[in-house]
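Since the structure comes first, as structure tokens, the remarks are kept for the end.
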Amino acid sequence: MDAYKADLRSAAEDELQRACTLGWRQLAHHTPWGDTFEGFTPGGREVCIERSYLWDGEPGSDIRVEVTVYVEDDYEGGVRLTGSIARETA
1 MDAYKADLRS AAEDELQRAC TLGWRQLAHH TPWGDTFEGF TPGGREVCIE RSYLWDGEPG
61 SDIRVEVTVY VEDDYEGGVR LTGSIARETA
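Using UniProt numbering, the letters of the sequence shown map in sequence onto residues 1 to 90.
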């Protein structure tokens, strides 16, 4: 992996980790939902960060978290990572 992609991946991993800290109960009332904002990679590159929360199946199931980090005007060249927040059964 080249340094450019490694930098984007590092930012995506960090954002995915943060995105998955929210609890299922906190997110269930807002899913599906997503936003895009500007930020910086660990290497100082200005990027767009897209975060989406989607049902992983039927509404009320686990929540799939998708994070995409890309340089403006190059969405296809970005890095997309996916995580999951398990449904709470309490």
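For each residue, glycine too, the CB sits at the ideal point set by N, CA and C.
Here the structure is a predicted model, which is why all the values come from computation and not from measurement.
Helix, strand or coil at residue i according to DSSP, with G and I counted as helix
i, result
"Arg87", "coil"
C-alpha distance - residue i paired with residue j, whole-angstrom precision
i, j, result
"Leu32", "Pro42", "Rather than Leu, the amino acid found at residue 32 in this sequence is Pro. Whole-angstrom Cα-Cα distance: 29 angstroms."
"Gly39", "Ser61", "30 angstroms"
"Thr68", "Leu22", "18 angstroms"
"Glu88", "Tyr53", "16 angstroms"
"Val79", "Gln26", "26 angstroms"
"Leu81", "His29", "23 angstroms"
"Tyr70", "Asp14", "14 angstroms"
"Asp7", "Gln17", "16 angstroms"
Runs of 4 residues minimum, wholly inside the segment 9–68: which ones carry the alpha helix (DSSP H) assignment? Counting only runs that start and end inside the segment 9–68, the alpha helix (DSSP H) elements of at least 4 residues fall at 24–28.
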